[in-house]
Amino acid sequence: MQNLLRTSVQENKIFQSLSSQTKSILLKKIMRYKKNDYLQFSTFEDTHISKQEFYILMSDLEDKKLVSKVLEVYSPYTKNSTGLILDEIIHFNDTLICDETDEDFEITPDNVKVKYKVII
259 MQNLLRTSVQ ENKIFQSLSS QTKSILLKKI MRYKKNDYLQ FSTFEDTHIS KQEFYILMSD
319 LEDKKLVSKV LEVYSPYTKN STGLILDEII HFNDTLICDE TDEDFEITPD NVKVKYKVII
């Protein structure tokens, strides 16, 4: 299955437009991830790929059912993950209580981070 991920990344137009050095670094980094691992832009900043390029690449992999997008909720007070994700039960504008501070907060785009879960 890792070969499918590698091939899909290599066939991506964004990937093909990158420099040889960036391609090599990016591919090595992506190939470290296994099923159920999470990819996020912050771990790819050293690859010299732009945020837009990263999200286009991930969108392509999502279309091919190799990764799935996860919207993880973070506390605005502690900046730590709450362990919750936006889904059928938890939505934007819902109110949660921060476990560490016992303060209420509303889920907004500012306290949600996009991650991609490897599903192959």
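Per the working numbering, the sequence shown starts with residue 259, numbered consecutively.
Note that CB positions come from ideal geometry on N, CA and C, so glycine has one too.
Note that the coordinates shown come from a computational prediction; the quantities given were computed from them, not determined experimentally.
Since residue 362 is in the beta strand (DSSP E), which residue starts that stretch and which ends it?
362 to 364
Cutoff 6 Å; reference residue 274; Cβ partners in own chain excluding five residues on either side:
none
When we look at the beta-carbon of residue 305 and count the other beta-carbons within 10 Å, is it buried (16 or more) or exposed?
Residue 305 should be labelled buried.
Closest to residue 297 by CA distance: which of 337, 325 and 355 is it?
It is 325 whose Cα lies nearest to the Cα of residue 297.
Could you check whether residue 348 and residue 331 sit closer than 8 Å to each other, using their CB atoms as the reference points?
yes
Reduced DSSP category for residue 315 - H, G, I as helix; E, B as strand; rest coil
Three-state DSSP puts residue 315 in a helix.
Boundaries of the beta strand (DSSP E) in which residue 353 is found, first to last residue:
353 to 355
Are residue 292 and residue 299 closer than 8 Å when you measure CB to CB?
no
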